[in-house]
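Residue numbers (our numbering), protein chains in the order written: chain A, 20 to 314; chain B, -1 to 262; chain C, 884 to 1234. Below: the structure, in structure tokens.
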Amino acid sequence: MMIFLETVITGIVVGSLYSLVALGIVIIYKSTHVFNFAHGEILMLGSFVAWTSLVHFGIPIWLTVPIVLAFAILLGTAIEYLLMRPMVGQPILSMIIVTLGLGAFLTGAGNLWWGKEDYYLLPEIISREPITFAAMNLSRQHIVAFCLSLLFFAVFTLFFRYTKWGLEMQAVANDHQAARSTGISTKLVFALSWIIATIVAIAAGVLLGSMNGVTLDMSVIAIKAFPVIILGGLESISGVLIAGPLVGVLEYLAGRYLDPYVGGGAMDVAPFVILILILVIRPYGLFGLKRIERI
Amino acid sequence: MLKVNNIEVVYNEVILVLRGVFLEVPDGKIVTLLGANGAGKSTLLKAVSGMLNTELGEVTDGFIEFNGMNITNCTPEEIVRKGVVQVLEGRRLFDYLTVEQNLKVSARARKGNYSAKKKLELVYELFPRMKRLRKNISGYCSGGEQQMVVIGRALMGDPDIMLLDEPSIGLSPLVTEEIFEVIKSIHREEKIDILLVEQNATMALDMADYGYIMENGRIVLDGKAATLKENEDIKEFYLGLSQVGEKKSYRDVKHYKRRKRWLG
Amino acid sequence: MWRPCGVMDINYSQDITIFRTGLQKVSFLLLILIAYICPVIFFPENLLAMLILMVITIIPMQGLNIITGFCGQIALGQSAFMAVGGYAAAKLAVGLNVPFIVALPLSGLVAAGIGMIFGLPSLRVRGFYLALATIAAQFIIIWGIFHGGKFTGGIYGLQLPEASILGFVFDTDVRFYVLALTVLLSMSFLAKSIERSKLGRAFIAVRDNDLAAEVMGINVYQYKLLAFFMGSFYAGIAGALWAHYVTVVHPEQFSLMDSIWYLGFLVVGGLGSALGPIAGGVIFVGLKEILATITPIIGGMIPALTETISASLALMAYALVIMIFLIFEPRGVDHRIQLLKTYYRRWPFAK
Chain A
20 MMIFLETVIT
30 GIVVGSLYSL
40 VALGIVIIYK
50 STHVFNFAHG
60 EILMLGSFVA
70 WTSLVHFGIP
80 IWLTVPIVLA
90 FAILLGTAIE
100 YLLMRPMVGQ
110 PILSMIIVTL
120 GLGAFLTGAG
130 NLWWGKEDYY
140 LLPEIISREP
150 ITFAAMNLSR
160 QHIVAFCLSL
170 LFFAVFTLFF
180 RYTKWGLEMQ
190 AVANDHQAAR
200 STGISTKLVF
210 ALSWIIATIV
220 AIAAGVLLGS
230 MNGVTLDMSV
240 IAIKAFPVII
250 LGGLESISGV
260 LIAGPLVGVL
270 EYLAGRYLDP
280 YVGGGAMDVA
290 PFVILILILV
300 IRPYGLFGLK
310 RIERI
Chain B
-1 MLKVNNIEVV
9 YNEVILVLRG
19 VFLEVPDGKI
29 VTLLGANGAG
39 KSTLLKAVSG
49 MLNTELGEVT
59 DGFIEFNGMN
69 ITNCTPEEIV
79 RKGVVQVLEG
89 RRLFDYLTVE
99 QNLKVSARAR
109 KGNYSAKKKL
119 ELVYELFPRM
129 KRLRKNISGY
139 CSGGEQQMVV
149 IGRALMGDPD
159 IMLLDEPSIG
169 LSPLVTEEIF
179 EVIKSIHREE
189 KIDILLVEQN
199 ATMALDMADY
209 GYIMENGRIV
219 LDGKAATLKE
229 NEDIKEFYLG
239 LSQVGEKKSY
249 RDVKHYKRRK
259 RWLG
Chain C
884 MWRPCGVMDI
894 NYSQDITIFR
904 TGLQKVSFLL
914 LILIAYICPV
924 IFFPENLLAM
934 LILMVITIIP
944 MQGLNIITGF
954 CGQIALGQSA
964 FMAVGGYAAA
974 KLAVGLNVPF
984 IVALPLSGLV
994 AAGIGMIFGL
1004 PSLRVRGFYL
1014 ALATIAAQFI
1024 IIWGIFHGGK
1034 FTGGIYGLQL
1044 PEASILGFVF
1054 DTDVRFYVLA
1064 LTVLLSMSFL
1074 AKSIERSKLG
1084 RAFIAVRDND
1094 LAAEVMGINV
1104 YQYKLLAFFM
1114 GSFYAGIAGA
1124 LWAHYVTVVH
1134 PEQFSLMDSI
1144 WYLGFLVVGG
1154 LGSALGPIAG
1164 GVIFVGLKEI
1174 LATITPIIGG
1184 MIPALTETIS
1194 ASLALMAYAL
1204 VIMIFLIFEP
1214 RGVDHRIQLL
1224 KTYYRRWPFA
1234 K
């Protein structure tokens, strides 16, 4: 029983990191209807920038934060301006390939500068000493991730529901033309959502990097976040918040109880099996919007 | 005062849709634009509101002026800020937002004393039914309600002139009448000029001060609404009031001749 | 294919013929002859190896063209289906001693079956959801191979012999090239036949509007699954060929990145046309070859990047080519070629 409980709690806290990663993808999808396959790579690149600033150049943390923010704004705007704007109106397939291509490009760029070492250690922003809670060891980073995802969830739910910008982002996603006809500047909205998502990605990346070091293949976490997004429903922030820990728990349970039968590694594949099952059973997730179709 | 001067519109750099179109909406008037499907009415409205450039269309000749400002080929965002709002054809709501969010997202301050809250109350006053529906997801509203939301949304932009593209499309006569009443009261009380594109020519001409008839991308006839209503051609082609009992064959010839003159 | 002015299709059988005029037939035969003979006689070994790689790249892209180009379903697991084909070939050749000529289509069928299973989500979802489902398929299949124990050889992979037909062993690059080209030609013929038959038209209907296709009486589910079946069949054949060429299969030969490149370069070549996969495959492998020669030179010039440049430059170059094409010529090389052809046919009468 104790093992079970520990597995569940570990799953929840690890899963909240998935939520955090998934959140960035959902934000972009909510406002531009583009599924960003390059999110993991943006996360990776941002973390490397943070590492370079903090460790390589020894810049203090209070100065690193604005540097990373500036990088996020630059990268987000560049992606929107150079890649997404010319693609407006293209079929979904093109959108998929262009973000996949962007991901590959960013991986290449990251590898060019930071490919020499296997991993780069971030300084201990948050102590790596685990907290012992009821005889269970929990890493502080995971707890911070958990709190951060809760905070982001609250912020973005309020943002999308009550602020003008949030509403505009949804309106643009809903009907691009109608939004323009009411005077919403779509360019601004697109750029804004890419910038916000980039910031969220980098926040998650730095957190992840402070646990396991910044590596080139940390972008894989975005792929692990895909089932979370599908389970939560592409457009739903609250869905992602719940689905993250859910997928985390399932993943850890699979790792704990199925490994003996499949010869190890069940954890790596569980999220994808979950993904396919959800798609076949409940395609639009727990909280996804069902298409409103009027004929 | 909206002035469309001799414009030519080309889609996709090859398809000529409008040529030599001239149209005026004087201050304090309702003007209607009639014509068959494909005559270019919607294109003309889109040219005015700047929506053309979302569809690869372009004004290649002539100019459009609003209150002395040249708005030819501006982006829709800029044009809305200058006081021209278009209500797109077919009730294009933000389906997943609630009615109130639909209205709020379209609030745009043009003058110093603008208050989104006051505007919202005003819209609710004009459409009492919307106040009841304000927490509903707008995609699930009925057609008439959706049309009201769309008009209300345009009002939130605090326009000087509203371009309405077939507000009665797919609505029952009763609801259509309701919509038209609202448009009239918007015009009267909010001092907003109206440029109305309609298929329901009778109602449109009843309401308007002035009318334009479009055929094949050109204005073929214009005049005071009352005069237009008396015009034989209009009666026959738009109001469906042709004389009954005349010999069919003879009438067809006449019809053809008249039609030809129009198209020429 | 090029056709002189004034040759019109006036009945169905003319409409579906591949070669309408004698000249077309002759020029095509000549082209095939050149493709067979030229490399065999004139080309050095390393160039031949590139041609073989091209052929083995074009085949899965043709399959992808059926799934994505014709049927409009997105598949990002093509290289995993290739892996299935490769492993099936290995199992058939070593464990069961099935002769190559039987084992090749059989391993295609195995891949096709697996592909159809992972095509199941396409019945319920499309677009981004389907892309995610097929990415999941990629991971699940490769994971399965990694954890397959003795059956798949795990991380060590499997060995298999060189291909042989009736005692004739395809052990040199020249011989294998002839084999691969023959397979490619028959697969191209199959693809062309799908395109010009009822099947192809049904696929296109499903692609353009699956709701409307269903209302027209097309069994959408059946055709979607069929598209996945056929597309994976191509992947399986290519995987089996590849396995016999390098005589070892290993899970790391078949990565998600490859799946992405196949789809990306298919778009570069042109979706939904017979020429698309061929052009895409040639560009992809050609680019690979060019990069392989120039990266050491660039790496030598910038010492700071020597270690990392080979992996980086390839990724960035492929991605750039794909992104540039998507932005400036989303209909691919094929569209350009069509424009050129029309231009020459009408010259000097029209612009």
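Where a beta carbon is used, it is the ideal one built from N, C-alpha and C, also for glycine.
Query	Result
Neighbouring residues, chain A, relative to Q99(B) (Cβ below 7 angstroms)	L186
Other residues of its chain near A206(B): CB distance less than 7 angstroms, five sequence neighbours each side excluded	I28, V29, T30, L194 and A223
V1216(C) versus A1074(C): straight-line alpha-carbon distance, rounded	19 angstroms
Exposed unless 16 or more other CB atoms sit within 10 angstroms - verdict on V7(B)	buried
Sub-7 angstroms separation of G304(A) and I261(A) beta-carbons	no
Residue range of the alpha helix (DSSP H) that includes Y122(B)	A114 to L124
Contact list for the segment 976 to 1010 of chain C against chain A, Cβ threshold 7 angstroms	L1003, P1004, R1007, V1008 and G1010
First through last residue of the alpha helix (DSSP H) which encompasses N193(A)	K183 to N193
Partner residues on chain A for L1146(C), Cβ-Cβ distance less than 9 angstroms	L112, I115, I116 and L119
Residues within the segment 75 to 92 of chain A neighbouring chain C, beta-carbon criterion of under 9 angstroms	none
Member of I46(A), V239(A) and N130(A) whose CA lies at the smallest distance from the CA of E187(A)	I46(A)
Where the beta strand (DSSP E) containing Y210(B) begins and where it ends	Y208 to E213
N- and C-terminal bounds of the alpha helix (DSSP H) containing I1023(C)	F1011 to F1029
Proximal residues to A107(B) (C-beta, below 8 angstroms), its chain only, five neighbours per side dropped	A114 and D156
C-beta neighbour in chain C for I126(A), strict 7 angstroms	Looking at the sequence provided, one finds Thr at residue 126(A) rather than Ile. Yes, T126(A) lies at the interface with chain C (some Cβ there is under 7 angstroms from its Cβ).
Residue-chain proximity (A123(A), chain C), Cβ-Cβ < 7 angstroms	yes
Between the CA atoms of S990(C) and I984(C) - distance to the nearest angstrom	11 angstroms
The segment 187 to 199 of chain A: positions lying closer than 7 angstroms to chain C by Cβ	none
Where G889(C) sits in the DSSP three-state scheme	coil
Within-7 angstroms CB hit, G262(B) to chain A	Here G262(B) scores only 45 on pLDDT, less than 50, and its place in the model is too uncertain to base an answer on.
T52(B) versus V259(A), P246(A), F209(A) and T205(A), residue with shortest Cα-Cα distance	T205(A)
Cβ of A1175(C) within 7 angstroms of any chain A Cβ	no
Chain-order list of residues whose beta-carbon lies under 6 angstroms from that of Y271(A) (same chain, five-residue window excluded)	T26, T29 and G30
Three or more C-beta pairs below 8 angstroms linking the segment 909 to 924 of chain C and the segment 1057 to 1076 of chain C	yes
Selected residue, minimal CA-CA separation from T1189(C), among V247(A), L131(A) and G202(A)	L131(A)
Short CB-CB distance (under 7 angstroms) between N130(A) and chain C	yes
Nearest candidate by alpha-carbon position, reference A97(A), set L211(A), E136(A) and K135(A)	L211(A)
Listed by chain order, chain C residues near F54(A) by CB distance under 7 angstroms	F1011
Per-residue DSSP class, three states only, for I31(A)	helix
Per-residue DSSP class, three states only, for L64(A)	helix
Continuous alpha helix (DSSP H) stretch holding K1(B): start and end	No alpha helix (DSSP H) contains K1(B), which is instead part of the beta strand (DSSP E) from L0 to Y9.
CB of G127(A) within 7 angstroms of CB of S1195(C), strictly	yes
Range of the contiguous beta strand (DSSP E) that encloses R17(B)	I13 to V23
Candidates L914(C), F1112(C), F1137(C) and G1002(C): closest to L298(A) by CA position	G1002(C)
Beta carbon proximity, M944(C) to chain A, threshold 7 angstroms	no
9 angstroms Cβ cut-off: residues of chain A touching T1191(C)	N130, L131, W132, W133, G134 and K135
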